[in-house]
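Colleague:
Protein chains: 2
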Amino acid sequence: MGRRSDHSRAELEELIVSEGHRHMAEVGFARFSSREVAKRIGYAVGTLTNVLGSYDRLIAAINTRTFELWTAHLEATLAREPADRIEALVEGYFSFARDNRSLWMAIYDHRLAPDEIMPDDFMTRRAALTEIVVREVAAVLPPDAKDKAPRLARSLVATVHGHCTFALNGSFALLGETDPQGMAVARVKESLTAAEA
Amino acid sequence: MGRRSDHSRAELEELIVSEGHRHMAEVGFARFSSREVAKRIGYAVGTLTNVLGSYDRLIAAINTRTFELWTAHLEATLAREPADRIEALVEGYFSFARDNRSLWMAIYDHRLAPDEIMPDDFMTRRAALTEIVVREVAAVLPPDAKDKAPRLARSLVATVHGHCTFALNGSFALLGETDPQGMAVARVKESLTAAEA
DNA sequence: ATCAACAATTAGACACTGTTCAATAAAATA
DNA sequence: TATTTTATTGAACAGTGTCTAATTGTTGAT
Chain X
1315 MGRRSDHSRA ELEELIVSEG HRHMAEVGFA RFSSREVAKR IGYAVGTLTN VLGSYDRLIA
1375 AINTRTFELW TAHLEATLAR EPADRIEALV EGYFSFARDN RSLWMAIYDH RLAPDEIMPD
1435 DFMTRRAALT EIVVREVAAV LPPDAKDKAP RLARSLVATV HGHCTFALNG SFALLGETDP
1495 QGMAVARVKE SLTAAEA
Chain U
1315 MGRRSDHSRA ELEELIVSEG HRHMAEVGFA RFSSREVAKR IGYAVGTLTN VLGSYDRLIA
1375 AINTRTFELW TAHLEATLAR EPADRIEALV EGYFSFARDN RSLWMAIYDH RLAPDEIMPD
1435 DFMTRRAALT EIVVREVAAV LPPDAKDKAP RLARSLVATV HGHCTFALNG SFALLGETDP
1495 QGMAVARVKE SLTAAEA
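So the protein lines, in turn, are chains X and U. Every number in this note's numbering is 1314 more than the matching position in the first sequence, counting from 1. Every number in this note's numbering is 1314 more than the matching position in the second sequence, counting from 1.
Pasting the structure below:
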């Protein structure tokens, strides 16, 4: 054993997180195994704990990566210059979750222990998603109401999130709702209408 | 070994689920252990699997019980004849989640394997919560719009759920939002206002 | 060139997890 | 009383993440 050195520490961390991300996409949070990830990249079990610090941090790193993909997906959707940017945002929210079920759900399946704190680096990278929404909400509000954009945007994200959650976990299907995304758009529109005057 | 018989099968199941419920409240989904539950009630490991069928079914039973407590909590809130029943419903949604963090989160932390199906019994008991909301939403809609109550009610539950999720998992606090519940009420009111006329 | 210090990696032990299943003992039935 | 049923066990099994002593390649100083 000892230094193998085909990887720097940073490269190894990248290798672990990217393979972990792949594994998460395949099996989901409940069946995720850091031992399996180790096996796949040809490293020993303990190495992952050494490099990432703990299982929780590995999951946090994987989920942060998912956030970045999601943010990129939203930006790409908007870059297509859709007629209705707000509706496009909801569509992007839903379609990412739908096409990346396991990854998306893992974000909300995981919570770090109450004593542990999320690294600042991770927080910043995750915040980018909400910032897009704040920006777009501000754009549709009248000039004198723009200061309300941040609070309203967060609230609208929560609204869409609730609809997306129930869409994916089957709650809506169970109750006969066939268009959760349309419902989410309707709620968001109502709130935006109420905000301008 | 052999029949001990201080419990019928149904009584034993009740014992397991109620102790499991207590354990879930204490340690939460991530640290829940059916072995620990077995130890606490003085039964052997395998007995739980025998009686409940599987770990997943045990969790499903525990969560169904939580749904029932939650429903009772909402009814109790309404029984106090609040001035605003819709606002009271949101308050009841939030306060139950707040006061029973681990139990409430466990509901959404758990998903059964795609091949398994939730027993009808469980579904019926869980549906009671949504039915309350449908009833109350119908009550505030004008007569000619009452047929829209079921769909709208589910959508509003999703809205409130999203806000409650972000409130409890810290997303709101992180972004400086101090009144998630007020935000949820505001969104619900806007949608109800839009629905009548 | 040698040697010590350092950093990277490992294997295995550890304490857990839920599930399975042959063995067993007590109650119910004949 | 003898036989069948039923309830319950507990050890074995295949997993999990974490920890730690041992080991080895690399680096820097002498």
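For every residue, glycine included, the Cβ atom is placed at its ideal position computed from N, Cα and C.
Using the three-state DSSP reduction, which class does L1470 (chain X) fall into: helix, strand or coil?
Modeller: DSSP places L1470 (chain X) in helix when its eight states are reduced to three.
Colleague: Buried or exposed: where does G1490 (chain X) fall if 16 or more other Cβ atoms within 10 Å of its Cβ makes it buried?
Modeller: Burial call: exposed.
Colleague: Let me check understanding here. Comparing Cα to Cα, which of X:I1400, X:W1418 and X:I1330 lies closest to S1505 (chain X)?
Modeller: Ranking X:I1400, X:W1418 and X:I1330 by Cα distance to S1505 (chain X) puts X:I1400 first.
Colleague: Starting from the N-terminal side, write out each stretch of the alpha helix (DSSP H) that is 4 residues or longer and does not extend beyond the segment 1382-1420 of chain U.
Modeller: Runs of the alpha helix (DSSP H) inside the segment 1382-1420 of chain U: 1399-1413.
Colleague: Pick out the complete alpha helix (DSSP H) segments inside the segment 1325-1355 of chain X, 4 residues or longer, and give them in chain order.
Modeller: Here the runs fully enclosed are 1348-1355.
Colleague: Mind listing the chain X neighbours of D1423 (chain U)? Cutoff is C-beta to C-beta under 7 angstroms, in chain order.
Modeller: In chain order: D1423.
Colleague: Whose Cβ in chain X lies nearer than 8 angstroms to the Cβ of R1465 (chain U)?
Modeller: Within chain X, the residues near R1465 (chain U) are E1491 and M1497.
Colleague: Is DSSP giving S1322 (chain X) helix, strand or coil here?
Modeller: S1322 (chain X): coil per DSSP, three-state reduction.
Colleague: Spatial neighbours of A1482 (chain U) within its chain, please: CB distance less than 8 angstroms, with the 5 preceding and 5 following residues excluded, ordered by chain position.
Modeller: This sequence places Leu at residue 1482 (chain U); Ala is not what is there. Excluding residues within five positions, the ones whose Cβ falls inside 8 angstroms are A1411, R1412, R1415, W1418 and M1419.
Colleague: Given this structure, state the Cα-to-Cα distance separating A1386 (chain U) from L1403 (chain U), to the nearest angstrom.
Modeller: Going by the C-alpha atoms only, they are around 12 angstroms apart.
Colleague: Let's see if you can read the secondary structure: which residues bound the alpha helix (DSSP H) around T1507 (chain X)?
Modeller: Counting along the chain, the alpha helix (DSSP H) containing T1507 (chain X) begins and ends at P1494 to A1509.
Colleague: Using the Cα positions of T1473 (chain U) and G1476 (chain X), report the straight-line distance between them to the nearest angstrom.
Modeller: Using only the alpha carbons, I get a separation of about 5 angstroms.
Colleague: List the residues of chain U whose Cβ lies closer than 7 angstroms to the Cβ of E1504 (chain X), in chain order.
Modeller: Under the 7 angstroms cutoff, chain U gives E1504, S1505 and A1508.
Colleague: Just confirm the distance between the C-beta atoms of K1462 (chain U) and L1455 (chain U), as a whole number of angstroms; I'd bet it's less than 8 angstroms.
Modeller: Sure, about 7 angstroms apart at Cβ, within 8 angstroms.
Colleague: Using 8 angstroms as the cut-off, can you tell me whether the segment 1371-1383 of chain X makes contact with the segment 1432-1444 of chain X, which would need three or more C-beta pairs spanning the two stretches below that distance?
Modeller: The segment 1371-1383 of chain X vs the segment 1432-1444 of chain X: in contact.
Colleague: List, in order along the chain, the chain X residues whose C-beta lies closer than 7 angstroms to that of S1409 (chain U)?
Modeller: In chain order: nothing, as chain X lies at least about 18 angstroms away.
Colleague: Consider the Cβ of N1483 (chain U): report whether some Cβ of chain X lies at a distance smaller than 8 angstroms.
Modeller: Chain X contact via Cβ: present.
Colleague: Consider the Cβ of A1472 (chain U): report whether some Cβ of chain X lies at a distance smaller than 8 angstroms.
Modeller: Interface residue, yes.
Colleague: Which two residues bound the contiguous alpha helix (DSSP H) that contains L1362 (chain X)?
Modeller: Unbroken alpha helix (DSSP H) run through L1362 (chain X): V1359 to L1366.
Colleague: Counting only the same chain and skipping the five closest in sequence on each side, list residues whose C-beta sits under 7 angstroms from that of E1382 (chain U).
Modeller: Correct list, in chain order: R1439.
Colleague: Going by DSSP, what residue range makes up the alpha helix (DSSP H) through R1449 (chain X)?
Modeller: Unbroken alpha helix (DSSP H) run through R1449 (chain X): D1434 to V1454.
Colleague: At the 8 angstroms Cβ level, is F1480 (chain U) part of the contact set with chain X, yes or no?
Modeller: Answer yes: the Cβ-Cβ gap between F1480 (chain U) and chain X drops below 8 angstroms somewhere.
Colleague: Evaluate A1498 (chain U) with the Cβ neighbour count: other Cβ atoms within 10 Å of its Cβ, from every protein chain shown; 16 or more gives buried, anything less gives exposed.
Modeller: The residue in question, A1498 (chain U), is buried, as its Cβ has 16 or more Cβ neighbours within 10 Å.
Colleague: Express the C-alpha separation of D1370 (chain X) and T1391 (chain X) in angstroms, rounding to a whole number.
Modeller: Cα to Cα, T1391 (chain X) sits roughly 31 angstroms from D1370 (chain X).
Colleague: Quick one: list the residues of chain U neighbouring H1477 (chain X), beta-carbon separation under 8 angstroms, in chain order.
Modeller: Those are S1469, A1472, T1473 and G1476, listed as they occur along chain U.
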